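Reviewing the structure listed below.
Residue numbers (my numbering): 2 to 151.
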């Protein structure tokens with residue numbers, strides 16, 4: 002069943018509706034009906050909102066991973082510095098040149114190792130479990146340890 006509705010539109014818009022109807026070989030009423038149906042359809046709004054929600058959820062997860070990675074890096078760095086400062090005695094002046102040369106050699110090996118590891122797609126982050134507290138609650142797998150001696 003159909004009902005008639007009279008509307009007033011600007012002349013330019015009526016001309017555009019007529020042109021579109023002629024190109025698509027449909028009536029002007031069909032063009033207007035499709036436009037109104039599209040405007041009234043909740044699907045387009047819901048689809049847009051759902052897409053935005055998915056995108057925001059993905060961005061939130063990415064930010065959480067970045068925050069986690071940054072905290073791991075900061076804590077690792079702080080622990081290393083604390084350990085290093087606590088373990089390293091001050092060097093006498095005559096040993097500093099040799100220590101400097103050894104330090105430069107070790108740093109070069111470190112950079113080589115880091116470059117190799119990154120080129121393989123591996124990272125320190127991959128070595129750390131996502132949920133350490135949950136891992137502590139699970140019984141540990143001791144398959145790599147020898148059985149206890151009786």
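Glycine included, every Cβ here is placed at the ideal spot set by N, Cα and C. These figures come from a predicted structure and were not determined experimentally.
Buried/exposed call for residue i, threshold 16 Cβ in 10 Å
i, result
"residue 151", "Confidence at residue 151 is low in this model, with a pLDDT of 43, below 50, so its placement is unreliable and the value that follows should be read with caution. Exposed is the call here."
"residue 142", "Because residue 142 sits at a pLDDT of 48, beneath the cut-off of 50, its placement in the model cannot be relied upon, and the following sentence gives the value as read from the coordinates. It counts as exposed."
Rounded Cβ spacing between residue i and residue j (contact assumed at less than 8 Å)
i, j, result
"residue 12", "residue 22", "Rounded, the Cβ-Cβ distance is 16 Å, inconsistent with contact."
Residue closest to residue i, alpha-carbon to alpha-carbon, out of the options
i, options, result
"residue 7", "26, 84, 34 and 59", "34"
"residue 17", "36, 3 and 2", "36"
"residue 70", "129, 10, 104 and 46", "129"
Residue i vs residue j beta-carbon contact at 9 Å
i, j, result
"residue 126", "residue 73", "yes"
"residue 19", "residue 29", "yes"
"residue 100", "residue 92", "yes"
"residue 124", "residue 118", "yes"
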